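Engineer:
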Amino acid sequence: NFMLTQPHSVSESPGKTVTISCTRSSGSIASNYVQWYQQRPGSSPTTVIYEDNQRPSGVPDRFSGSIDSSSNSASLTISGLKTEDEADYYCQSYDSSIHVVFGGGTKLTVL
Amino acid sequence: QLQLQESGPGLVKPSETLSLTCTVSGGSISSSSYYWGWIRQPPGKGLEWIGSIYYSGSTYYNPSLKSRVTISVDTSKNQFSLKLSSVTAADTAVYYCARRTFYAFDIWGQGTMVTVSS
Chain A
1 NFMLTQPHSV SESPGKTVTI SCTRSSGSIA SNYVQWYQQR PGSSPTTVIY
51 EDNQRPSGVP DRFSGSIDSS SNSASLTISG LKTEDEADYY CQSYDSSIHV
101 VFGGGTKLTV L
Chain B
1001 QLQLQESGPG LVKPSETLSL TCTVSGGSIS SSSYYWGWIR QPPGKGLEWI
1051 GSIYYSGSTY YNPSLKSRVT ISVDTSKNQF SLKLSSVTAA DTAVYYCARR
1101 TFYAFDIWGQ GTMVTVSS
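Going down the list, the protein sequences come from chains A and B. With our numbering, the residue at position 95 of the first sequence is 95, and numbering never jumps. Count along the second sequence from 1, add 1000, and you get the number used in our numbering.
1) Under a Cβ-count criterion, where at least 16 other Cβ atoms within 10 Å of its own Cβ denotes burial, should Asn1 of chain A be classed as buried or exposed?
2) In whole angstroms, what separates the C-alpha of Leu1001 of chain B from that of Lys1013 of chain B?
3) Nearest by alpha-carbon distance to Ser26 of chain A: which of A:Leu108, A:Leu111, A:Ser93, A:Asp61 is it?
4) On the DSSP bridge assignment, give the partners of Tyr1096 of chain B in chain order.
5) Going by alpha carbons, who is nearest to Ser1028 of chain B out of B:Ser1085, B:Tyr1096, B:Gln1003, B:Ser1064?
6) What residue does the beta strand (DSSP E) around Phe1080 of chain B start on, and which one ends it?
7) Under a three-way DSSP split, which group does Glu51 of chain A fall into?
8) Using 8 Å for Cβ pairs, my map puts Thr77 of chain A next to Thr23 of chain A. What's the rounded Cβ distance?
9) What's the gap between the Cα of Pro45 of chain A and the Cα of Ser1118 of chain B?
10) List, in order along the chain, the chain A residues whose C-beta lies closer than 8 Å to that of Ala1104 of chain B?
11) Beta-carbon separation of Pro60 of chain A and Thr47 of chain A under 8 Å?
12) Going by beta-carbon coordinates alone, are Tyr50 of chain A and Tyr1103 of chain B separated by less than 8 Å?
13) Applying a beta-carbon distance threshold of less than 7 Å, which residues of chain B neighbour His145 of chain A?
14) By DSSP, does Ala1104 of chain B sit in helix, in strand, or in coil?
15) May I ask you to report which of helix, strand or coil DSSP gives Asp68 of chain A?
16) Apart from the five residues on each side of it in sequence, which residues of its chain come closer than 6 Å, Cβ to Cβ, to Glu1048 of chain B?
17) Using C-beta distances below 7 Å, list every residue in its chain close to Ala30 of chain A, excluding the 5 sequence neighbours before and after it, in chain order.
18) Is the Cβ-Cβ distance between Lys1077 of chain B and Ser1019 of chain B less than 8 Å?
Laid out in structure tokens, this is it:
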């Protein structure tokens, strides 16, 4: 099986843009879709990106997803940062046996 | 609007079996478009997938937990359940149930805290 590695934490100022990476340890990042979840303290996770770059209805277009085969990683980019974006973010994918894999999570601080 | 609700004991003794049920309301668990899954989160840590089940009963488990996990579905009650045997303190976590498309978990329950302690 493979692992998904995320930075432990990132921080940025309101109004700026931040990118969170998710690197796949083996196999191609393009082989299986990547999802991103936002989890605010005390709440259940919610989807902000699915199928690499699709936004569920209700998620602002400030959130975008992409994959980069050269670095074998996926990225979540949040532009025009707001204090309400402060949360933990998790990437997720799956293997050929549809076993689910989560990244370790990234704490985003908007200061 | 589809909702999921976890239920079960909040305290389990070491070596015993943890049992949780997820009740699905506002929609049918028998939809061929979805899987149903369990995810847990130890205090202060990240998400860990436990396993998933299809309405037909096909199951998929995290290899690291497979020997201790059983997930089942009861379509007549619109519920699915988790059993985790031989628990230790390391199994203390918030347990979430969630609906899964093939790729993503799109609807989550509110989660239930389970503590393993004597």
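Backbone N, C-alpha and C define an ideal beta-carbon position, used for all residues, glycine too. Please read these numbers as outputs of a predicted model, since none were measured by experiment.
Structural biologist: This is what the structure holds:
1) With fewer than 16 other Cβ atoms within 10 Å, it is exposed.
2) Before going on, a small fix: residue 1001 of chain B reads as Gln here, not Leu. Taking the straight line joining both Cα atoms gives about 36 Å.
3) Residue A:Ser93 is the option with its Cα nearest to Ser26 of chain A.
4) Answer is B:Ile1039.
5) Minimum Cα distance to Ser1028 of chain B is reached at B:Gln1003.
6) Taken as a continuous stretch (DSSP letters only), the beta strand (DSSP E) holding Phe1080 of chain B covers 1079-1084.
7) Three-state result, Glu51 of chain A: coil.
8) Contact annotation, Thr77 of chain A with Thr23 of chain A: C-beta distance approximately 15 Å; criterion of less than 8 Å not satisfied.
9) In this model, Pro45 of chain A and Ser1118 of chain B are separated by some 30 Å (Cα to Cα).
10) For the C-beta of Ala1104 of chain B, the chain A residues within less than 8 Å are, from N- to C-terminus, Tyr33, Gln35, Thr47, Tyr50, Glu51, Gln92.
11) Thr47 of chain A is positioned such that its CB atom lies no closer than 8 Å to that of Pro60 of chain A.
12) Cβ atoms of Tyr50 of chain A and Tyr1103 of chain B: closer than 8 Å.
13) No statement about residue 145 of chain A is possible, as the shown extent of chain A runs from 1 to 111 and does not include it.
14) Here DSSP, grouped into helix, strand and coil, assigns Ala1104 of chain B to coil.
15) Taken through DSSP and simplified to helix, strand or coil, Asp68 of chain A comes out as strand.
16) Excluding positions up to five away in sequence, the list reads Arg1040.
17) Taking Ala30 of chain A as the centre and dropping the five residues before and after it, the same chain places the C-beta of Ile67, Ser69 closer than 7 Å to its C-beta, in chain order.
18) The answer is no: Cβ separation not under 8 Å.
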